[in-house]
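Per UniProt numbering, the sequence shown runs over residues 1 to 525. Beta carbons are placed, not taken as given, at the ideal position from N, Cα and C, and that holds for glycine. Owing to the predicted nature of the structure, the values given are computational and were not obtained by experimental measurement.
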Amino acid sequence: MTMTWKRVHYILVCAILTYVLLLFVLTNRTISNKLRQTKNDDTYIFDFNVRLSRDGIEETSIDNKETNTRLKFLAQRKPRKDLVKSEEIIFIDKKEFEDGSIELDQTNIKQRQKEVMFEQKRIKLPESASSRNDNEKKYLFAFRYFEQLSMATKNLLSLASLATSTGRTFVEPFVNSSRFCGLPSGTSFSRLMEEKVKFTELKNYFDQEKLKDQLQKHGYNEMVPYQEFREQCTKIDVVVHFLYNDSNILKNLQKWYKINNETVQKALEKVKRTGYSDCPFVERSRIGKFLGKPVQRYVCVDPEQIRSSKQLEKDILQNSKCAAIIFWKGSGPKRTHFPLAPKITEPLQPADIQHAKRLVDIAYDYIRNTIKRPFIAVHIRIERHVRWKGIHAARTCIRHLSDAILKHKKQNNLKKVFMAHDLGPNGSDTLKRFVDKKTLAQLENKIETSLQDSYRFDPIKYGLYDRGSIAIVEMHIMTLGESLFTLGRGNFHDWVTELYLKSNANDESLLHKICQDVVSGGSKK
1 MTMTWKRVHY
11 ILVCAILTYV
21 LLLFVLTNRT
31 ISNKLRQTKN
41 DDTYIFDFNV
51 RLSRDGIEET
61 SIDNKETNTR
71 LKFLAQRKPR
81 KDLVKSEEII
91 FIDKKEFEDG
101 SIELDQTNIK
111 QRQKEVMFEQ
121 KRIKLPESAS
131 SRNDNEKKYL
141 FAFRYFEQLS
151 MATKNLLSLA
161 SLATSTGRTF
171 VEPFVNSSRF
181 CGLPSGTSFS
191 RLMEEKVKFT
201 ELKNYFDQEK
211 LKDQLQKHGY
221 NEMVPYQEFR
231 EQCTKIDVVV
241 HFLYNDSNIL
251 KNLQKWYKIN
261 NETVQKALEK
271 VKRTGYSDCP
281 FVERSRIGKF
291 LGKPVQRYVC
301 VDPEQIRSSK
311 QLEKDILQNS
321 KCAAIIFWKG
331 SGPKRTHFPL
341 APKITEPLQP
351 ADIQHAKRLV
361 DIAYDYIRNT
371 IKRPFIAVHI
381 RIERHVRWKG
391 IHAARTCIRH
401 LSDAILKHKK
411 QNNLKKVFMA
421 HDLGPNGSDT
431 LKRFVDKKTL
441 AQLENKIETS
451 LQDSYRFDPI
461 KYGLYDRGSI
471 AIVEMHIMTL
481 GESLFTLGRG
491 NFHDWVTELY
501 LKSNANDESL
511 LHKICQDVVS
521 GGSKK
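This is the structure we're talking about:
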């Protein structure tokens with residue numbers, strides 16, 4: 001009788017446990033739907049998914065659509081039999097989740113012969129971007145900067161503003177021949193060049209300590225060294241590529257990522273819907289390989305739709321610790337449109353930044369020992385004339401410049417002229433892309449013969465080979481001219497002019513602008 005009762009008791013227990021397990025699996029979704037209806041404003045709802053596979057690995061994921069969070073962790077199950085799958089709803093207090101202090105109960109399901117056992121233990125919820133402490137230091141890294149020295153400097157300052165708006169520090173770039181790059185090894189459209197070009201520290205162009213002090217005084221967030229970014233970021237949470245509204249940039253996109261026009265157009269269609277979209281092809285930038293870090297997410301962004309830093313933070317950066325931008329073009333037409341960070345008291349301009357003392361000293365040494373004052377300073381920016389109006393308009397403007405300088409020399413009894421221009425090996429590298437060598441040589445010869453006996457800075461005598469360093473030295477030589485003649489227009493041109501005025505009590509009577517605008521091959525002074 002006792003044996004019979006034990007057998008009945010055993011069967012009843014097994015039946016009840018089996019019923020409980022089946023009820024848990026089969027009615028789970030109905031319960032979940034009811035629970036969803038009871039959500040209030042103080043909680044987040046998470047889908048808690050458990051999958052127990054035959055090899056004993058338990059994969060658990062917690063998903064929340066509001067915070068765009070998906071958390072995963074693994075555990076072991078023994079013995080290795082059967083497949084169990086379930087889904088349930090978990091309510092989590094918003095404040096506790098955002099503080100990153102949540103712990104959840106984990107249920108381990110074990111099966112021994114006909115007996116099913118449940119075992120519970122506490123697990124720590126893995127940290128997510130949404131739960132990260134707002135006081136934690138966050139980083140914004142720019143992989144590749146657009147354009148040369150003057151615009152690259154402007155772009156750096158606009159990156160500083162964006163980093164400030166989103167509560168991040170920004171990573172100090174490296175420099176090489178007027179170009180900026182996030183990597184010390186540099187990067188290029190030509191993958192063969194990536195192994196050859198080596199960039200140097202920013203301090204070779206600018207007074208680094210004074211720049212950091214200026215940034216702080218004007219309300220910008222901190223600029224941090226690349227090494228700190230490397231040490232603090234074990235992974236890159238999000239990599240952003242802005243799809244700028246520029247046909248030339250979009251063509252380069254194909255070249256950069258080795259993709260066809262169809263892929264580019266599909267990406268553009270996707271981002272037009274919401275302003276941003278996942279972009280798997282951005283992985284071809286090899287940013288993860290260069291940084292030696294895993295990348296969690298690649299996103300393409302339409303800067304014409306995502307125009308505020310708040311929107312960028314909410315939808316794309318999502319409080320991530322480490323974010324990167326592939327190709328940074330700064331703010332302006334056909335660029336991004338993020339407004340200046342509210343906490344910045346007065347925006348810095350390139351002319352506000354002090355250059356490296358070594359370069360300034362070289363300029364003064366050249367003036368003291370070579371050209372000696374007084375002299376007329378001449379800066380020629382011929383690139384836009386050649387591109388937009390052609391070679392004949394450029395020659396006409398050179399003739400007007402020569403006539404104006406000759407007249408000024410006679411009127412003021414001046415004999416010496418210092419000249420710097422964007423032709424030749426130390427000039428603009430973009431000019432060489434659309435003007436052949438023969439035409440460039442003819443233009444340079446025209447300038448040299450029109451301004452005979454003018455002084456030119458010889459960088460080799462000072463051991464300078466970097467185009468950016470040479471341009472900075474020439475800039476400071478020109479600031480000490482008795483007058484400044486300029487031909488053409490351009491961002492570097494504006495920088496030279498602003499520095500000259502700062503050094504000469506803002507006396508605009510000392511400025512002589514030739515062919516600032518080209519009209520019918522003539523000039524407008």
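Rounded to whole angstroms, how far is the Cβ of residue i from the Cβ of residue j, which I believe are closer than 8 Å?
| i | j | result |
| --- | --- | --- |
| residue 527 | residue 340 | The structure shown does not extend to residue 527, since the chain spans only 1 to 525, so no value can be given for it. |
| residue 163 | residue 237 | Their Cβ separation, rounded to whole angstroms, is 15 Å, which puts residue 163 and residue 237 out of contact at 8 Å. |
| residue 290 | residue 259 | So it is not a contact: roughly 19 Å between Cβ atoms. |
| residue 184 | residue 145 | Residue 184 to residue 145, Cβ: 14 Å. No contact. |
| residue 354 | residue 206 | 7 Å |
| residue 447 | residue 380 | 6 Å |
| residue 229 | residue 295 | At roughly 14 Å, the Cβ-Cβ gap does not stay under 8 Å, so residue 229 and residue 295 are not in contact. |
| residue 168 | residue 203 | Contact flag wrong, Cβ pair sits at about 22 Å. |
| residue 241 | residue 300 | 5 Å |
| residue 371 | residue 439 | Actually they do not touch by this definition, with Cβ atoms about 30 Å apart. |
| residue 235 | residue 293 | 5 Å |
Select from the options the residue whose C-alpha is nearest the C-alpha of residue i.
| i | options | result |
| --- | --- | --- |
| residue 378 | 233, 514, 206 | 514 |
| residue 270 | 400, 243, 317, 256 | 243 |
| residue 211 | 179, 160, 178 | 160 |
| residue 367 | 457, 411, 507 | 457 |
| residue 485 | 500, 461, 505, 512 | 512 |
| residue 528 | 441, 153, 326 | The structure shown has nothing for residue 528, since the chain only spans 1 to 525. |
| residue 418 | 451, 344, 410, 273 | 451 |
| residue 333 | 443, 209, 247 | 247 |
| residue 464 | 393, 284, 267, 359 | 359 |
| residue 141 | 328, 365, 416, 498 | 328 |
| residue 383 | 498, 151, 487 | 487 |
| residue 421 | 403, 311, 410, 441 | 441 |
| residue 317 | 239, 265, 357, 263 | 239 |
| residue 388 | 410, 516, 361, 272 | 516 |
| residue 151 | 499, 319, 494 | 494 |
| residue 143 | 396, 445, 283 | 283 |
| residue 135 | 459, 320, 174, 400 | 320 |
| residue 286 | 257, 311, 264, 272 | 257 |
Look up residue i in the DSSP assignment and say whether it is helix, strand or coil.
| i | result |
| --- | --- |
| residue 147 | coil |
| residue 179 | strand |
| residue 327 | strand |
| residue 356 | coil |
| residue 139 | strand |
| residue 487 | strand |
| residue 511 | strand |
| residue 497 | helix |
| residue 322 | strand |
| residue 279 | coil |
| residue 170 | strand |
| residue 448 | helix |
| residue 345 | coil |
| residue 313 | helix |
| residue 526 | This structure cannot settle anything about residue 526, because the visible part of the chain is limited to 1 through 525. |
| residue 505 | coil |
| residue 199 | coil |
| residue 338 | coil |
Please return the same chain residues whose Cβ sits closer than 8 Å to the Cβ of residue i, not counting the five positions on each side in sequence.
| i | result |
| --- | --- |
| residue 176 | 186, 197, 198, 199, 200, 466, 468 |
| residue 215 | 160, 221, 222, 223, 348 |
| residue 508 | 501 |
| residue 503 | 479, 480 |
| residue 7 | none |
| residue 405 | 376, 378, 417, 451, 485 |
Under 7 Å Cβ to Cβ from residue i, same chain only, skipping five residues before and after it: list those, please.
| i | result |
| --- | --- |
| residue 158 | 330, 331 |
| residue 482 | 374, 375, 376, 414 |
| residue 337 | 303, 307, 331 |
| residue 149 | 178, 468, 471, 492 |
| residue 394 | 382, 385, 386, 443 |
| residue 208 | 202 |
Going along the chain, which residues of its own chain have a beta-carbon closer than 6 Å to the beta-carbon of residue i, five neighbours each way excluded?
| i | result |
| --- | --- |
| residue 165 | 309, 341 |
| residue 363 | 473, 476, 477 |
| residue 305 | 275 |
| residue 245 | 304, 334 |
| residue 454 | 417, 419 |
- Query: Unbroken alpha helix (DSSP H) runs of length 4 or more, entirely within the stretch 359–393: which are they?
  - Reply: Taking only runs of at least 4 residues, the alpha helix (DSSP H) segments lying wholly in the stretch 359–393 are 383–388.
- Query: What residue ranges within the stretch 452–485 form continuous alpha helix (DSSP H) runs of no fewer than 4 residues, ordered along the chain?
  - Reply: The DSSP assignment places complete alpha helix (DSSP H) segments of no fewer than 4 residues inside the stretch 452–485 at 467–478, in order along the chain.
- Task: Would you mind listing the beta strand (DSSP E) stretches within the stretch 210–277 that are 3+ residues and don't spill past its ends, in chain order?
- Result: DSSP runs (the beta strand (DSSP E)) wholly in the stretch 210–277: 238–242.
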